[in-house]
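Undergrad: Can you keep this structure in mind? I'll have questions shortly.
Shown next, in the form of structure tokens:
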């Protein structure tokens with residue numbers, strides 16, 4: 034791809050997180066989940082990811098928890114403006130400066146006010162300070178943490194991240210994908226959880242971890258990254274929580290022929306959580 038078609042508003046990707054095309058032939062898909070991801074790739078993008086600063090990625094993902102990109106992006110920008118080094122990235126020398134050192138030394142009330150647009154700002158400010166302190170204590174610097182994320186076994190990195198207070202599976206997987214560039218990682222947020230079950234490519238009653246396991250088993254490693262971001266975009270444009278496009282017009286959805294419409298009844302306009310549709 035000569036251009037990066039991923040919307041800047043999708044903070045899960047963008048030029049800073051990758052930009053090379055993940056080439057594939059849709060005719061060779063081996064599972065329905067892979068066919069779904071291939072279709073999403075044709076509809077949006079086929080990008081690979083990696084290259085983001087791991088600590089900033091961790092910060093960004095914490096800010097995005099339980100809120101929208103529209104709310105978390107201004108909070109991230111304000112945080113970076115106030116606490117990041119002048120060049121906007123962590124210089125790795127956290128004895129003298131850097132984002133991790135700045136956040137570790139931050140006044141909690143001041144940080145909370147800075148990230149207020151992201152919501153839950155008191156809780157998130159406490160989490161960010163604690164994470165900064167732990168990264169510096171355990172790894173010595175943000176640069177060393179970044180090296181750990183990129184080079185250690187994915188299972189080791191994921192376990193270490195999940196051991197940090199305030200870091201759940203989605204946050205850990207986003208760091209692995211967008212900073213570590215790890216294939217085979219399919220982060221599951223609210224959109225992915227809803228859509229995978231609604232389409233029928235994950236069990237209707239699966240929790241977030243169950244959806245992740247199903248997708249990572251059935252989607253090739255090199256397609257998981259763009260499968261995640263493209264599925265999010267599909268959820269924003271077509272498969273919304275309360276009013277999916279198929280309610281108004283079955284032909285309006287580009288995934289209609291691959292969708293089981295679990296929990297969606299166009300005849301009555303009823304939309305329920307897929308788990309509630311299981312008899």
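Numbering (my numbering), first residue to last: 34 to 312.
Backbone N, C-alpha and C fix where the C-beta goes; we use that ideal spot for every residue, glycine too.
Here the structure is a predicted model, which means the values were calculated and not measured.
Can you give the Cα-Cα distance for residue 108 and residue 82, rounded to whole angstroms?
TA: Start at 1 with the first residue of the chain shown, and residue 108 comes out as number 75. Start at 1 with the first residue of the chain shown, and residue 82 comes out as number 49. Using only the alpha carbons, I get a separation of about 23 Å.
Undergrad: Pairing CB atoms from the stretch 242-262 with CB atoms from the stretch 289-296, are three or more of them under 8 Å?
TA: no
Undergrad: How many Å lie between residue 313 and residue 74 at the Cα?
TA: The question about residue 313 has no answer, for the chain in this structure spans 34 to 312.
Undergrad: If you drop the 5 nearest sequence neighbours on each side, which residues of the same chain put their C-beta closer than 7 Å to that of residue 70?
TA: Mapped onto the chain shown, residue 70 falls at position 37. Closer than 7 Å at Cβ, skipping near neighbours: 252, 256, 260.
Undergrad: Give the DSSP-derived three-state secondary structure of residue 252 in the structure shown.
TA: If you number the chain shown from 1, residue 252 lands on position 219. If DSSP states are grouped into helix, strand and coil, residue 252 belongs with coil.
Undergrad: Look at residue 274 and residue 285 and say whether their C-beta atoms are less than 8 Å apart.
TA: As a first step, residue 274 is located in the chain shown; it is residue number 241 there, counting from the start. As a first step, residue 285 is located in the chain shown; it is residue number 252 there, counting from the start. It is not a contact, given that the beta carbons lie outside the stated cut-off.
Undergrad: Exposed or buried, which one is residue 204 when buried takes at least 16 other CB atoms within 10 Å?
TA: Indexing the chain shown from 1 puts residue 204 at position 171. Result: buried.
Undergrad: So, using beta-carbon positions, are residue 165 and residue 136 closer together than 8 Å?
TA: Locating residue 165 in the chain shown gives position 132, where the first residue counts as 1. Locating residue 136 in the chain shown gives position 103, where the first residue counts as 1. Yes. Within cutoff.
Undergrad: Using the three-state DSSP reduction, which class does residue 81 fall into: helix, strand or coil?
TA: On the chain shown, position 48 is the one that residue 81 refers to. The answer is strand: DSSP assigns residue 81 an E or B state.
Undergrad: Compare the Cα-Cα distances from residue 105 to each of 309, 147, 215 and report the closest residue.
TA: On the chain shown, residue 105 is found 72 positions in, with the first residue counted as 1. Ranking the options by Cα distance to residue 105, first place goes to 147.
Undergrad: Please determine, among 160, 133, 132, 134, the residue with the shortest C-alpha to C-alpha distance to residue 142.
TA: In the chain shown, the residue the question calls residue 142 occupies position 109. Nearest C-alpha to residue 142: 160.
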